[in-house]
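Undergrad:
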Amino acid sequence: MLGVVLCASAASAQLERTADERFLFWPAESPPRPLAARGVKFPPYDMRTLRNGLQAITVLHHEQPAVSMRLLVRAGSVQDPPGKVGVASLAASLLDQGTVTKSAQEIADHIDFIGGALATGSGSDLTYVNVVVMKDSFDVGMNLLVDVARNPAFAAEEIERQKQQAISSLQVSSNDPDYVASVLLERLVYGFHPYGLPNSGTPETLAAITRADLQEFHRRFFVPNNMILAIVGDVTSEQAFAAAERAFGDWPPAQIPPVTVVEPPPPTRRIVLVDKPDAVQTEIRVGQLAIPRKHDDYMAFDLAVKILGGEGANRLHRVLRSERGLTYGAQADTEARKQAGHVVAETDTRTETTGEALRLMVDEFARLQRDRVSQTELSDAQAYLAGSFPLTIETPGDIAAQVLNVVFYELPVEEIGTFRERVQAVRPDDIQRVARQYVRPDRLSIVLVGNAAAFVPQLQRVGFTDFEVIPIEELDLMSAALTRETRRARSFESVEPFGPFVRSGPLAYAAQQVNPHAGQAQELLKRVVDAKGGIEALKKIRTVIADEDRAIITPNGRTPLPTKTYVIYPDKFRVDSLLGGQQIVHTYNSGSAWVKDLSGVSAAPAAMRDDFAATARRDTYPMLIAAAEGRLALRVLPEEGRDGEVLKVLEVSGAEFPAVRLYIDRDFRIARQSYTAGGPDGLPMKIEEVFSDYRTIDNVAVPFKASVLSNGRLIIERTIKSVAFNTRIDEKLFEQPL
Amino acid sequence: MRLTFRIAIALAACTVAAVALAPVQAAVRPPKLQYQTTTLPNGLRLILSEDHSTPIVHVAVWYHVGSKNERPGRTGFAHLFEHMMFKGSKNVEPDAHTSIVSSVGGRSNAYTTEDTTVFWQTLPAHYLPLALWLEADRMATLRVDEAAFRREREVVKEERRMRIENQPYGRLSEIIYDHAFAVHPYKHPTIGSMADLEAASIADVRDFHRTYYVPENATVVIVGDFDAAQALQLATQYLGRVPKAGRRVPLDIPKEPPMKVERRAVVEEGWPLPAVVVAYHITYDGHPDSYPLHITSKILSDGQSARISRELIYNRRLCLSAFGSGNITEHPNLFFAVCIVQPGQTPEAAEKALVAEFEKLKTEGVSTHELQRAQNQFARDYILSRETNEDKAMHLAHAAVIHNDITTADGEFDIFMRTTVADVQRVAKTYFSESNRVVLHVLPKGTGR
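Sequences listed follow chains G and V, in order.
Position one of the first sequence corresponds to residue 1 (the numbering used here), numbered consecutively onward.
Position one of the second sequence corresponds to residue 1 (the numbering used here), numbered consecutively onward.
1) At which residues does the beta strand (DSSP E) containing Asp730(G) begin and terminate?
2) Give me the residue from Ile256(G), Pro224(G), Thr559(G) with the minimum Cα distance to Glu245(G).
3) For Gln331(G) and Leu320(G), what's the separation of their Cα atoms in angstroms?
4) Is Arg247(V) near the ligand HEM, going by C-beta to nearest heavy atom under 7 Å?
5) For Leu130(V), is the classification buried or exposed, using 16 other Cβ atoms within 10 angstroms of its Cβ as the cut-off for buried?
6) Going by C-alpha to C-alpha distance, which of Val344(G), Arg324(G), Ala340(G) sits closest to Asp333(G)?
7) For a contact defined as C-beta to C-beta under 7 Å, what are the partners of Tyr328(G) on chain V?
8) Does Gly106(V) get closer than 8 Å to chain G when you measure Cβ to Cβ?
9) For the alpha helix (DSSP H) holding Gln281(G), just list the boundary residues, first then last.
10) Express the C-alpha separation of Pro177(G) and Ala203(V) in angstroms, rounding to a whole number.
11) Can you name the start and end residues of the beta strand (DSSP E) that Arg321(G) belongs to?
12) What did DSSP end up calling His58(V) once you bin it into helix, strand or coil?
13) Between Pro152(G) and chain V, is any beta-carbon pair separated by less than 8 Å?
14) Quick one: measure Cβ to Cβ for Asp634(G) and Val652(G), integer angstroms, because I've assumed they're closer than 8 Å.
15) Which two residues bound the contiguous alpha helix (DSSP H) that contains Ala300(G)?
16) Let me check one thing: in DSSP terms, what residues is Ala66(G) bridge-paired to?
17) So, do the region 540-552 of chain G and the region 292-309 of chain G have three or more beta carbon pairs nearer to each other than 8 Å?
18) With a threshold of 6 Å on Cβ separation, who are the neighbours of Arg359(G) within its own chain once the five nearest residues in sequence on each side are excluded?
19) Please state if the CB of Leu185(G) and the CB of Val447(G) are separated by a distance shorter than 8 Å.
20) Indicate whether the contact test is met: 3 or more Cβ pairs, each with one atom in the region 224-237 of chain V and one in the region 141-153 of chain V, closer than 8 Å.
21) Cβ of Ile176(V) within 8 Å of Cβ of Ala279(V)?
22) Does DSSP put Trp133(V) in a helix, a strand or coil?
23) Label Thr49(G) either buried or exposed according to how many other C-beta atoms from any shown protein chain fall within 10 Å of its C-beta, with 16 as the threshold for buried.
24) 8 Å is my cut-off, CB to CB: does Asn818(G) come that close to chain V?
25) Determine the direct distance from the alpha carbon of Leu188(G) to that of Thr236(G), and round the result to whole angstroms.
26) List the residues that DSSP assigns as beta-bridge partners of Asn589(G).
27) Does the region 137-144 of chain G come close enough to the region 397-410 of chain V to have 3 or more Cβ pairs within less than 8 Å?
28) Which whole-angstrom value is the C-beta distance of Glu308(V) and Leu300(V), which I expect to be below 8 Å?
29) Locate the beta strand (DSSP E) running through Asp46(G), then write down its first and last residues.
30) Quick check on His126(V) - is its C-beta less than 8 Å from some C-beta in chain G?
31) Nearest by alpha-carbon distance to Glu689(G): which of Thr696(G), Thr676(G), Glu158(G) is it?
32) Can you tell which of Ile328(V), Ala353(V), Tyr111(V), Glu412(V) has the C-alpha that lies nearest to the C-alpha of Leu293(V)?
33) Where does Met361(G) fall in DSSP's three states?
34) Assuming Lys135(G) and Val232(G) make a contact with CB atoms under 8 Å, what is their CB distance in whole Å?
35) Thinking C-alpha only, which one of Leu561(G), Thr347(G), Asp571(G), Phe389(G) is nearest Glu283(G)?
36) Looking at chain G, which residues of the region 191-216 of chain V have a Cβ within less than 9 Å of any of its Cβ atoms?
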């Protein structure tokens with residue numbers, strides 16, 4: 001009991017509790033002043049490097065009689081061999097499943113009986129072994145730790161068992177919208193860089209992993225000069241370092257092989273809908289490539305992202321939850337890793353509010369990039385980040401995590417001590433600068449996992465018209481098109497899946513998000529433009545008149561549709577067709593569109609008008625010119641095998657230019673192109689156009705034959721009868737038809 | 001008979017010898033918690049525990065009301081109300097509680113269980129007055145605004161969709177409890193049903209606040225870097241002026257009648273792999289049988305060497321994941337085992353294997369080695385779950401609110417260490433009987449019956 005006499009205070013304690021009276025009698029007042037502030041010191045820790053290169057850290061804490069050990073190996077899925085995603089993860093799961101001297105069961109019996117715990121795992125850049133024991137089992141714990149790290153048996157039976165576990169787990173997680181949304185977002189942001197691939201592998205890659213792969217991974221990367229060991233808890237520093245020396249000291253160092261990975265692509269607008277018809281909510285992820293952890297702008301960028309969606313600020317939470325009740329939670333995080341980093345905003349909302357929630361999220365990215373943040377808003381974010389520092393050093397584990405973090409990312413150790421000062425030093429100008437430099441609202445990767453048929457019309461209403469839809473059971477992160485269908489089409493190709501776009505060594509990072517492969521993509525584009533006739537020839541084209549024999553293909557047969565097309569670049573076209581003797585006219589003129597058919601003349605519906613606008617922009621000549629002049633983003637995707645030929649894939653995209661993929665043949669001609677367009681039923685269609693019979697007109701290569709496929713089904717065939725460039729065309733043709 | 005007995009003795013002797021050679025025999029004793037407790041004149045219970053190792057303080061308010069206090073047709077209300085506590089009070093603007101706390105570098109949140117609703121904040125130590133002032137303000141003068149209520153109800157519905165409806169196995173617990181209980185409110189999940197959330201009204205909010213959010217029904221626990229005398233003075237200043245309630249907190253919760261025959265059900269859900277559940281009704285938290293039941297949970301599923309992990313996951317590869325453990329709460333609850341069935345295995349085989357584990361506990365009991373292992377693991381959990389101020393506050397408040405005896409926060413350690421193999425076998429025989437059993441097969445859609 002308290003040894004203090006309590007004053008039965010305020011008469012208010014006797015008040016009758018009725019709602020109104022409570023309000024009446026309760027004082028109106030401001031929050032109380034704080035007490036005197038207490039000093040915050042980072043608790044003592046010690047660091048040494050053993051002769052074999054192992055970095056050891058000790059943090060002493062004597063409140064509870066326990067010691068924990070954390071071993072980090074600087075190798076994770078980034079070090080997975082090409083085509084064998086999941087090696088690091090499978091190796092980590094096998095570390096405690098038997099060593100050369102102890103079976104899996106013996107290890108489990110041992111650690112469980114002493115009241116300890118042992119956990120192993122891996123991420124993209126690291127593998128870990130964590131052991132916690134009571135202080136009187138410290139040596140036992142250390143011996144077990146080094147044994148599982150150094151001498152894993154990788155027994156065939158255990159490999160089989162862990163593979164089965166991993167594959168069954170994937171079967172569950174591939175049905176979990178939250179998991180699917182997160183891995184797919186990373187896949188869109190990082191492409192085929194290992195950060196974009198699922199750490200735990202896929203059923204196919206796991207099946208392909210052999211015992212030799214695991215042993216090789218272990219042999220190459222599990223060396224003491226590639227490890228950090230933290231010993232934390234109720235021991236003395238001398239005891240801890242002596243134990244580290246005894247357990248790890250005779251493990252010889254070795255050369256660490258450099259990593260070989262594909263670069264992440266530049267930020268590109270891409271929206272992927274994963275269709276799960278029984279979902280009651282849509283998982284939304286919006287993200288883009290940003291900066292790695294060890295980057296000078298990290299602090300300012302992290303604060304900018306906290307304003308967008310972090311603790312202490314969080315515009316997303318306010319807009320989506322507090323103001324509109326659209327979600328239980330919305331936040332944004334800086335995921336800054338070793339080689340690269342990204343920003344990701346996430347929320348989940350009911351199917352009916354998907355479009356609204358997505359629009360608001362994307363608008364917040366745009367606002368962050370466009371508008372200067374106020375000093376007040378920044379101060380709130382800073383107050384939380386700096387003020388909560390003492391909350392982040394409460395337990396020995398927390399303290400160790402802070403030290404491990406700076407050592408792992410090779411940051412200056414002083415950063416821990418100067419954290420609060422560095423937070424407070426950031427100014428609104430800094431936020432504005434990093435937001436402008438790194439935030440690309442026009443190039444966001446967007447993932448929606450949910451009942452796509454139900455929310456697609458909402459997306460179109462709020463201005464998202466270009467997206468891909470993939471049924472959840474067909475999603476395949478290892479395929480360029482993200483679907484199993486294409487994967488099968490690719491399976492006969494003989495080329496290495498990462499094609500020629502592999503480079504060795506640590507990744508260089510430009511301050512600006514310049515596409516490290518921009519040169520390569522530019523080079524490919526140049527070849528395509530040259531094959532087309534050269535940039536000058538393309539620029540000379542002002543108008544086009546073409547006569548075509550078209551046919552519409554339906555399950556019921558072919559319907560002829562002779563067509564005459566008129567184009568004035570950049571934004572006027574007219575298509576006259578004859579359907580069963582009846583004239584049909586479609587015209588598009590700088591944003592306006594009309595239709596003339598049996599029912600008369602009318603303004604085109606919005607969806608059709610938007611589709612016409614997209615068609616005008618997508619026209620090959622202006623698209624190639626814009627790309628050559630750097631007004632559109634380019635990225636090279638893995639090559640694809642089609643009909644026995646390997647085609648290079650170049651993706652062209654821009655702020656107002658939904659991505660078009662060009663499939664390029666060995667003569668650098670465009671053999672196909674694909675894009676997503678709004679279909680008549682409001683659902684997106686994946687359109688593919690296949691070009692052939694190239695002939696030269698005015699020095700420009702023109703495909704005289706083309707087929708159009710919608711979602712894989714042939715819908716149109718066309719053959720050019722005649723084509724003429726730069727003929728004068730009466731502009732009246734593009735006005736509202738009579 | 002006689003011979004068997006001798007063999008048993010001999011085996012027991014061997015086991016003891018083996019244990020003696022093992023590196024650890026008795027569990028390491030964790031340090032005891034230091035605390036003071038008092039009740040303010042308005043009936044509010046206060047627990048103070050100083051810890052000066054880091055300059056932070058944790059303040060938690062436990063209201064002794066949870067989903068088991070809900071009336072039929074209003075399931076989910078306790079939790080929905082928890083959300084309303086962030087919608088402003090006389091001196092605090094709507095949604096400002098969280099931002100005020102974060103603006104001083106603190107964190108705050110709340111959670112609702114079957115038995116309690118807990119509001120907490122961890123802040124730099126010198127902001128203790130702020131935390132107490134904020135909690136007192138909303139205890140005394142919650143603002144109840146129709147528009148805010150409607151919006152928050154949508155937020156809670158999203159929370160239900162997110163946590164329960166939209167992820168594989170999210171509804172498993174809801175399915176288990178719906179089948180296992182007939183009348184006790186544990187039958188329904190804390191988050192409630194969509195229909196009941198929709199039916200909740202603003203009048204319910206006012207009534208709930210008046211009934212349950214009163215000082216006599218609140219326990220405030222403060223752990224961290226403060227001076228106890230000063231903390232008491234501050235708590236008295238802010239929380240002490242919240243007026244007493246005019247009426248008693250209702251305690252009329254229907255009792256669950258004992259089961260007479262086994263209940264079985266097959267249901268379908270859109271989950272990728274089948275789940276099999278074997279559940280038994282058990283006793284309440286604090287009952288002498290609850291301790292051997294905790295030990296039983298560890299013997300079945302703590303660590304890879306535990307029985308269910310080893311036999312069903314490792315040896316037989318029947319389950320992708322599996323466990324068996326007691327959900328031990330203020331009122332009698334369930335002990336249940338779950339197996340997520342591996343492809344190629346059958347739910348029938350999984351059920352048989354789970355039931356066999358319970359039968360084995362009854363017929364063969366557990367070994368002293370297993371008991372010792374469970375006790376060592378228990379000591380580990382005890383130690384590692386008392387590292388943070390928040391952890392300590394949780395143990396102290398749980399003992400005070402659920403056991404109504406704060407000494408159990410430390411005293412339970414000794415009860416666990418004194419538990420015998422006979423105790424474990426006795427409770428197995430008491431509860432793990434066929435007539436007290438609920439068996440569920442939850443199959444992927446389109447594969448049932």
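Backbone N, C-alpha and C define an ideal beta-carbon position, used for all residues, glycine too.
Since this is a predicted model, take the numbers as computed values, not measurements.
TA: By the coordinates alone:
1) Premise fails: Asp730(G) is in no beta strand (DSSP E) and is neither H nor E.
2) Nearest to Glu245(G) by alpha-carbon distance, out of Ile256(G), Pro224(G), Thr559(G), is Pro224(G).
3) Rounded to the nearest angstrom, the two C-alpha atoms are 10 Å apart.
4) Ligands in the displayed structure: none, and consequently the ligand HEM is not present.
5) For Leu130(V), the number of other beta carbons within 10 angstroms of its own is at least 16, and it is reported as buried.
6) Distance from the Cα of Asp333(G) is smallest, within the candidate group Val344(G), Arg324(G), Ala340(G), for Val344(G).
7) Result: Val155, Glu158, Glu159, Met162.
8) Using a CB distance cut-off of 8 Å, Gly106(V) counts as an interface residue toward chain G.
9) For Gln281(G), there is no enclosing alpha helix (DSSP H); the residue is found in the beta strand (DSSP E) stretching over 281-289.
10) Going from the Cα of Ala203(V) to the Cα of Pro177(G) covers about 37 Å.
11) Following the DSSP letters along the chain, one finds Arg321(G) in no beta strand (DSSP E), marked with neither H nor E.
12) In the structure shown, the three-state DSSP call for His58(V) is strand.
13) False, the Cβ-Cβ gap to chain V never drops below 8 Å.
14) Note that residue 634(G) corresponds to Leu in the displayed sequence, not to Asp. Taking 8 Å as the upper bound for CB-CB distance, Leu634(G) and Val652(G) are in contact here, some 6 Å apart.
15) Here the alpha helix (DSSP H) through Ala300(G) covers 298-309.
16) Bridge partners of Ala66(G) according to DSSP: Met134(G).
17) They do not touch, by the three-pair rule.
18) Here the set comprises Val462.
19) Judged by their CB atoms, Val447(G) and Leu185(G) are nearer to each other than the 8 Å cut-off.
20) Pairwise C-beta distances place the region 224-237 of chain V out of contact with the region 141-153 of chain V, as fewer than three of them are shorter than 8 Å.
21) With contacts defined by Cβ atoms closer than 8 Å, Ile176(V) and Ala279(V) form a contacting pair.
22) In the structure shown, Trp133(V) falls within a helical segment according to DSSP collapsed to helix, strand and coil.
23) Its Cβ having fewer than 16 others within 10 Å, Thr49(G) is exposed.
24) For residue 818(G) there is no data in the structure shown, the boundaries of chain G being 1 and 738.
25) Approximately 48 Å, taken between the alpha carbons.
26) According to DSSP, residue pairing for Asn589(G) in a beta bridge involves Lys572(G), Ser592(G).
27) No: fewer than three Cβ pairs fall under 8 Å.
28) Here residue 308(V) turns out to be Ile, not Glu, going by the sequence shown. So it is a contact: roughly 5 Å between Cβ atoms.
29) Counting along the chain, Asp46(G) sits inside the beta strand (DSSP E) bounded by residues 45-49.
30) For His126(V), the answer is yes, since a Cβ of chain G falls inside 8 Å of its Cβ.
31) The candidate whose alpha carbon is nearest that of Glu689(G) is Thr676(G).
32) Per the Cα distances, Ile328(V).
33) Residue state, collapsed to three classes: helix.
34) Incorrect: roughly 12 Å between the Cβ atoms, too far for contact.
35) Measuring from the Cα of Glu283(G), the nearest candidate turns out to be Thr347(G).
36) For the region 191-216 of chain V, the residues whose beta carbon sits under 9 Å from a beta carbon of chain G are, in order, Arg206, His209, Arg210, Val214, Pro215.
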